[in-house]
Structures are given as C-alpha cells and as structure tokens.
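**Student:** Okay, handing you the structure first.
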Amino acid sequence: MREMSPSLGQCELTFLDRAAIDLERARAQHRALEQALETLGCVVERLPAEPDLPDSVFVEDTAVVIDEVAVVTRPGAPSRRAETASVARALARYRRLVPIEAPGTLDGGDVLRLGKRVFVGRSTRTNEAGIEALRAALSGFGYSVTAVPVSGCLHLKSAVTEIAPGTVLLNPEWVDAAAFPGATVIEVDPDEPFAANAQRVGDAVVFPAAFPRTGERLQGLGIRVVTIDLSELAKAEGAVTCCSVVFESARG
Ligand code: CIR
331 MREMSPSLGQ CELTFLDRAA IDLERARAQH RALEQALETL GCVVERLPAE PDLPDSVFVE
391 DTAVVIDEVA VVTRPGAPSR RAETASVARA LARYRRLVPI EAPGTLDGGD VLRLGKRVFV
451 GRSTRTNEAG IEALRAALSG FGYSVTAVPV SGCLHLKSAV TEIAPGTVLL NPEWVDAAAF
511 PGATVIEVDP DEPFAANAQR VGDAVVFPAA FPRTGERLQG LGIRVVTIDL SELAKAEGAV
571 TCCSVVFESA RG
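If you're matching positions, the sequence shown starts at 331 in my numbering and goes up one per residue.
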C-alpha cells in the first residue's frame, strides 16, 4: 500500500464529477482498509506518500504480481506514469521485474487473474500494445491472457472480481459474463452498480459498506465479508482493490 498524497483532490476522474474529498476521513478509511488486510493475515508494507502524484495511493494500477514475476505497468493516464518507479523498487525485493514499454499502456485495475487465466480489460487506460506486452510477459509461465471489452466503468475490476476460487462477482451492465467461461458468476444487486469490486484474501473478502445488498449475497454464499467504509476514496474513483497489491511474498 502507499500513504495517501495530500493532492488526492486533484486525482484523475473519468466517470464521476469532482466532489470535495475530506483528506482526514480518506486517511482514516485507508487505515481501516490496511487494518482489515492485516486482520486477514496480510503483512502490509506501506510506501511513503508521493505528494506530487495525486492518484499514487491507488497502487494496484502500477503492478501485476504473479508467483513468477512482477509486471511493472505503464499507466494509461500520463499523470500516473511516475508512480511506478517507487513501486518497482519495492517489488524488486520479491520478484524479477518486467516493465511494460511504450507505446503499451496497462493499468493493474484492468487485470483479473483466475488461476492460470488472466483477463485484461480493453478500457480507456489499457491499449492493445499493453495487452500484448502482458501476454508476452506471462505466456512463458503457462498463463493465457484474454482481452475483455468493458464499457461504462473505469477498469475491468470495477466490473468483475474473484470472490472465491472460480467464482466472480460481476456487474452485467459493464462486462459480459460470457467472457469468463467456467466461472461461477454472482451478479451485484442491480441498485449497487459499483459493488463488483471486492478484495479477496483467502476465504474472506474486504467489501465496501456502501453495498449492503450485494454484501448479503456474498454472506449467503458462506463468504466471510469484512466491511469497511471507503466513501471518500470512492469520490476519486477508487475502490477496495485499487489501494493494494496483494501477493504471496515467497517466490513461486
Ligand atoms: C484514476 O482515475 O486513475 C484514479 N482516480 C482511480 C484509480 C482507481 N484504480 C483502480 O480501480 N484500480
């Protein structure tokens, strides 16, 4: 994770209108997320803030870490490209690094891994060259990389995340469930379009309090749901998964 920038209020926005962010509340929510991850057994490494990089708290977009390698992305928003250097330095202690090079662009929020199958959103942030570069980086380790159209939302993982092995939580308005053959698909409650982003850790998920109906669906499946309030980060188009890069620290 990374300490929040005091300039978060100048973040990139694509689908939302700008609303004032209460930084102190945002920081408290971010700390609560960190504590939730620790409660679920994660050891959290927190990088120092990057005051001049408003979106730098959303570290998910800067790296894709699998057991074998860490792909350092080239974020689609030019204002975010400088975020990757410090993340790469931190990840170099755990994995060999593979960078996405220009003209490729790739945001980690567009990358969903289901076992050996990796799905990549074709979004406003991730382009064909970025998808091809990810394919080149991962295919040697036996991963398939499949591009998936997304519309109406920022990233693929705004529309779909894995909530249990082989089970995805999905908003059918933003991504077609048929793109994930073999997966068990749970739909968000239709009144909670932003609810598809859940952070899975083992048998549990960290999940926003703002989406109680979808949260009940998850509990009904026997999933342990750890609820947190992320309302201030949501104003920056941030969700649960955006704020961390979660991986097994030992090399595969
Ligand atoms: C952006 O537009 O890049 C940030 N304001 C929000 C990034 C959220 N990241 C994510 O969903 N992975």
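Glycine included, every Cβ here is placed at the ideal spot set by N, Cα and C.
Would you say Ser579 touches ligand 1, meaning its beta carbon is less than 8 Å from a heavy atom?
**Tutor:** One-based indexing of the sequence shown puts residue 579 at position 249. No, ligand 1 has no heavy atom inside 8 Å of this Cβ.
**Student:** Cβ of Ala412 versus every heavy atom of ligand 1: is any distance shorter than 8 Å?
**Tutor:** On the sequence shown, position 82 is the one that residue 412 refers to. No; taking the cut-off as 8 Å, the Cβ of Ala412 has no heavy atom of ligand 1 nearer than that.
**Student:** Give every residue of the same chain whose Cβ lies closer than 6 Å to the Cβ of Val441, excluding the five residues on either side of it in the sequence, and list them in chain order.
**Tutor:** Here residue 441 refers to the residue found at position 111 of the sequence shown. Excluding sequence neighbours, Val441 sits near Val394, Val450.
**Student:** Confirm, please, whether the CB-CB distance from Leu427 to Ala418 is below 9 Å.
**Tutor:** Position 88 of the sequence shown holds residue 418. Position 97 of the sequence shown holds residue 427. In contact: Ala418 and Leu427 (Cβ atoms closer than 9 Å).
**Student:** Please classify Pro538: does DSSP put it in a helix, a strand, or coil?
**Tutor:** Your numbering for residue 538 matches position 208 in the sequence shown. Three-state DSSP puts Pro538 in a strand.
**Student:** With respect to 8 Å, is the separation between the Cβ of Asn527 and the closest non-hydrogen atom of ligand 1 below this value?
**Tutor:** Counted from its first residue, the sequence shown places residue 527 at position 197. Yes; taking the cut-off as 8 Å, the Cβ of Asn527 has a heavy atom of ligand 1 nearer than that.
**Student:** Rounded to whole angstroms, what's the CA-CA distance from Gly550 to Pro511? Just pull it up for me.
**Tutor:** Position 220 of the sequence shown, counted from the first residue, corresponds to residue 550. Position 181 of the sequence shown, counted from the first residue, corresponds to residue 511. Whole-angstrom Cα-Cα distance: 23 Å.
**Student:** Look up Thr369 in the DSSP assignment and say whether it is helix, strand or coil.
**Tutor:** Stepping through the sequence shown from its first residue, residue 369 is reached at position 39. In this structure, Thr369 counts as helix in the three-state DSSP scheme.
**Student:** Could you tell me which of Asp521, Pro429, Ala349 sits nearest to Pro542, measuring between CA atoms?
**Tutor:** Taking the sequence shown and counting its residues from 1, the one referred to as residue 542 is at position 212. Closest option to Pro542, Cα to Cα, is Asp521.
**Student:** So, does the stretch 519-539 touch the stretch 459-479, judging by three or more C-beta pairs under 8 Å?
**Tutor:** No, the stretch 519-539 is not in contact with the stretch 459-479.
**Student:** Measuring CB to CB, does Tyr473 end up less than 9 Å from Lys446?
**Tutor:** As a working note, residue 473 is residue 143 in the sequence shown. As a working note, residue 446 is residue 116 in the sequence shown. Yes; because the gap between Cβ atoms is below 9 Å, this pair is in contact.
**Student:** Please indicate yes or no: does the CB of Arg455 lie closer than 8 Å to some heavy atom of ligand 1?
**Tutor:** The count along the sequence shown starts at 1 and reaches residue 455 at position 125. Within the cutoff, so yes.
**Student:** Can you give me the start and stop residues for the beta strand (DSSP E) that Glu578 sits inside?
**Tutor:** Translated into positions along the sequence shown, residue 578 becomes position 248. Counting along the chain, Glu578 falls outside any beta strand (DSSP E), and DSSP gives it neither H nor E.
**Student:** Can you give the Cα-Cα distance for Glu462 and Glu375, rounded to whole angstroms?
**Tutor:** Here residue 462 is taken as the residue at index 132 of the sequence shown, counted from 1. Here residue 375 is taken as the residue at index 45 of the sequence shown, counted from 1. The alpha-carbon atoms of Glu462 and Glu375 are separated by roughly 30 Å.
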